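Protein chains in written order, with our numbering: chain A, 1 to 330; chain B, 1 to 276.
Read the structure below first, then the notes.
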Amino acid sequence: MTDPAVSPNRDAEPLLEVEGLRIELTVRGRGPVPITRDVSLRVYQKEIVGLIGESGSGKSVIAKSLIGMLPRRIRVSAGTSRFQGRDLFALNAHAMRAVRGAEISLIPQDALHALNPVKLVGKQVGEPIEVHTDTPAVEVHKQVVQLLNRVHISDPEARTQDYPHQFSGGMQQRALTAMALSMKPPLILADEPTTALDVTIQGEILKLIRELRSDTGASFLFISHDLGLVSSLCDRIYVMYAGEIVESGTRDEIFSNPRHPYTRGLIGSVPRLRNNAARLLTIPGRIPGPGDEIEGCRFRPRCPMAEGRCIVSPSLEASKGGHAAKCWLF
Amino acid sequence: MLMTDFNWRRYGLVAGTAPVVVIILVTAGLAPLIVPYSPYDLDVMVMLQGPTASHLMGTDELGRDVLSRVIHAARLSITVGLVAVLIGSFCGTIVGIIAAHFGGLVDAILMRFMDIVFCFPAILLAVILMANLGTSILNAMLAIGIIFIPGFARLTRAVAQTVQRQSFLEAAICLGMPGYRIVFREILPNVIGPVLVEAAVAFSYAVLLESALSFLGLGAQPPEPSWGNMINTGRGFIDQAPWISLAPGAALFFTVFSFNLLGDGLRDVLDPKLND
């Protein structure tokens, strides 16, 4: 991890810089409901950044907003997203399409349904190249074989002629990863790419992502609810709670010195093999929905350390090292 | 392929019915070459004759060879069926995909219009269309084709909507695919299978409808032979010469039956759940 070729360069300009992102859901007869509030995050070159949070904390919607794939009735109402000299939120549909798949690609969540069942795998993996360039078909095929080889699919030449159902779950996710890599995009969004897979396959995919980062120099924004995964993979981590980033820092900072009570709760509730505790720690209560108005800190109703001053919302304060937490206690 | 390796569950039905369908199609296609007599030649010496060695299916009230007429009629029925199914599936698929792709108001208007067409009984609708277009076999094809449009439109729309909710479609958008390519390269390949199955079944229904229209005097005009008008003519002689109606009736039955089975077989072949 300390290998300079692999470690991210945080002195240079960030590859992606999101500032003050607010995403709103329009509910009929109720006005806009914020899904995320004031989210700011950075991804540097060659960095694997983790975005973690419970279901419904707004992590996937952030990824979708970056590539203009927000569903109807959900829109970006404030914020900027600087990526290679442009604001992604200001791009029109046509310009956005040129970015998708070519400069920012997505490894989807649902590997088992993300390939078209009636089309050959080889054809599909080459599709980003076909869509974005005029490469002749023979050349595309060659690149597809290389890509499949790159993600460790054995006998890639023959496998291009398979249909998705002839691939195992792990192989489908590998094929999708190959597809995301095909245009050599500088940024790859991985939206819980391993949730549909079993644990041993998960490990292989994570290994592959690390390998690809050092080989291709691409940055990854890795979205997950699984703290264990993020801890082994990511360089830096953003912890989300109810549409806000509550803590951010390097992996070591977050895991050895968690500041926000929510992060502490999350780390405490990861099951461990050698754990003497009779019961697994849990965080009481449940995550507030987008429409739920909470005065002050949004974690206050569930927080074991809540105090009187928590009725006023704290800001995300960063210490010298860049480790930041949105809590009065730190 | 060894017989033991053959996947009967998947390919059995098609393997069984395809030869029958091919025989029917070839017979119809080569009709002028293989018929023993001209279907129009009268021979008053042999009127209403039962099956003999020279007239395998007997003769009708004007002494025409029933077998020759049945074979010639197959030609007409199959042409009508093919053209009608082509019209229906082509227009229906376009309507269905447009409705699913645009959704909202476009979807509502198109599909409610399809519902209106759908709610007429097929024969009644055909009769209305023929009354307006005039009685000719060409108009029969058109009328039957129009009747099929709503069925194909609904089927296509349903499949396209299912496909649109799948994550591979979102993945396609994610890789920057333009809209027309999504329709032609992602949605259409998924629609073709079900449309093909529906087409085989619709074909047999088209043959049946054409016969019904001809029976009612709205399709093929005498002396042009058609199974429908042959059955109709035979009605008057059902006591003395049942073969005049029975022969075209049997031909109709076998054609419809084998195309229906072919449709079922195609469904098995195209069903991804019955994998080898």
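Where a beta carbon is used, it is the ideal one built from N, C-alpha and C, also for glycine.
This one's a predicted model, so the numbers in the text were calculated from it and none came from an experiment.
CB of residue i to nearest heavy atom of the ligand HEM: below 8 Å?
| i | result |
| --- | --- |
| Tyr11(B) | What this structure holds is no ligand at all, so the ligand HEM is not there to describe. |
Go ahead and label residue i buried or exposed: buried means 16 or more other beta carbons lie within 10 angstroms of its beta carbon, across all protein chains shown.
| i | result |
| --- | --- |
| Gln161(A) | exposed |
| Cys119(B) | exposed |
| His331(A) | Examination of residue 331(A) is not possible in this model, given that chain A is present from 1 through 330 alone. |
| Asp276(B) | Unreliable positioning characterises Asp276(B) in this predicted model, as indicated by a pLDDT of 49, which lies under 50. The coordinate reading is nonetheless provided below. Label assigned to Asp276(B): exposed. |
| Cys132(B) | The residue you asked about is not Cys; residue 132(B) is Asn in the sequence shown. Its Cβ having fewer than 16 others within 10 Å, Asn132(B) is exposed. |
| Gly96(B) | buried |
| Gly228(A) | exposed |
| Glu103(A) | buried |
| Gly104(B) | exposed |
| Tyr241(A) | buried |
| Asn92(A) | exposed |
| Phe259(B) | buried |
| Trp227(B) | buried |
| Ile283(A) | buried |
Return the CA-CA distance between residue i and residue j, expressed in angstroms with no decimal places.
| i | j | result |
| --- | --- | --- |
| Pro32(B) | Leu125(B) | 33 Å |
| Ala187(B) | Ala172(B) | This sequence places Ile at residue 187(B); Ala is not what is there. Distance between the alpha carbons of Ile187(B) and Ala172(B): 11 Å. |
| Met1(B) | Ala18(B) | Low confidence applies here, because Met1(B) scores a pLDDT of 46, under 50, leaving its location unreliable; read the following figure in that light. Approximately 18 Å, taken between the alpha carbons. |
| Arg259(A) | Asp107(B) | 53 Å |
| Ile34(B) | Ile23(B) | 13 Å |
| Pro194(B) | Val163(B) | 13 Å |
| Lys123(A) | Pro189(B) | 13 Å |
| His141(A) | Gly126(A) | 7 Å |
| Ile254(A) | Glu24(A) | 29 Å |
| Gly249(B) | Trp243(B) | 9 Å |
| Arg30(A) | Asp191(A) | 30 Å |
| Leu329(A) | Glu157(A) | 58 Å |
| Asp239(B) | Thr52(B) | 18 Å |
| Val293(B) | His113(A) | For chain B, the structure presents residues 1 to 276; residue 293(B) sits outside this window and is missing. |
| His55(B) | Phe257(B) | 26 Å |
| Gly50(B) | Thr59(B) | 7 Å |
| Phe349(B) | Ser38(B) | Only positions 1 to 276 of chain B appear in this structure, which leaves residue 349(B) out of reach. |
Determine, using beta carbons only, whether residue i and residue j come nearer to each other than 9 Å.
| i | j | result |
| --- | --- | --- |
| Ser204(B) | Thr255(B) | yes |
| Phe168(B) | Pro117(A) | yes |
| Met183(A) | Thr133(A) | yes |
| Leu208(B) | Leu252(B) | yes |
| Glu224(B) | Ile137(B) | yes |
| Ala247(B) | Met57(B) | yes |
| Gly50(A) | Tyr238(A) | yes |
| Gly289(A) | Val39(A) | no |
| Leu197(A) | Gln173(A) | yes |
| Val246(A) | Cys310(A) | no |
| Gly81(B) | Ala212(B) | no |
| Pro164(A) | Thr177(A) | no |
| Val230(A) | Arg251(A) | yes |
| Gly291(A) | Arg302(A) | no |
| Ala199(B) | Ser89(B) | yes |
| Gly176(B) | Val99(A) | yes |
| Pro181(A) | Leu16(A) | Looking at the sequence itself, residue 181(A) is Leu, so the reference to Pro does not match. Not in contact: Leu181(A) and Leu16(A) (Cβ atoms no closer than 9 Å). |
| Ile201(A) | Gly170(A) | yes |
| Ile146(B) | Ile182(B) | no |
Name, in chain order, the residues that DSSP records as bridge partners for residue i.
| i | result |
| --- | --- |
| Leu27(A) | Per the sequence shown, the amino acid found at residue 27(A) is Val instead of Leu. Val27(A) pairs with Gly31(A). |
| Asp65(B) | Thr59(B) |
| Gly228(B) | BP columns for Gly228(B) are empty, so no partner. |
| Met240(A) | Ile245(A) |
| Glu339(A) | Not covered by the structure: residue 339(A). The range shown for chain A is 1 to 330. |
| Ser55(A) | Looking at the DSSP assignment, Ser55(A) forms no beta bridge with any residue, so it has no partner. |
| Ile74(A) | Leu25(A) |
| Arg86(A) | Phe83(A) |
| Glu317(A) | Ala325(A) |
| Ile188(A) | Ser105(A) and Phe220(A) |
Interface residues of chain A around residue i at Cβ under 7 Å?
| i | result |
| --- | --- |
| Ser68(B) | The premise fails here: Ser68(B) is roughly 45 Å from chain A at the closest Cβ pair, so nothing lies under 7 Å. |
| Glu198(B) | Going along chain A, no residue has its Cβ under 7 Å from Glu198(B), so there is no contact; the nearest lies around 17 Å. |
| Glu186(B) | Asn116 |
Interface residues of chain B around residue i at Cβ under 9 Å?
| i | result |
| --- | --- |
| Arg159(A) | Simply none; closest approach about 17 Å. |
| Met179(A) | Ala171 and Leu175 |
| Met69(A) | Glu170, Ile173 and Cys174 |
| Arg97(A) | Ile173, Gly176, Met177 and Pro178 |
| Pro128(A) | Leu175, Gly176 and Met177 |
Using a Cβ cut-off of 8 Å, pull out every chain B residue sitting near residue i, in sequence order please.
| i | result |
| --- | --- |
| Arg100(A) | Ile173, Cys174, Leu175 and Gly176 |
| Val131(A) | Leu175, Gly176, Met177, Pro178 and Arg181 |
By the criterion of Cβ-Cβ separation under 7 Å, what are the contact partners of residue i in chain B?
| i | result |
| --- | --- |
| Leu115(A) | Phe168 |
| Lys119(A) | Pro189 |
| Leu106(A) | Cys174 |
| Asp110(A) | Ser167 |
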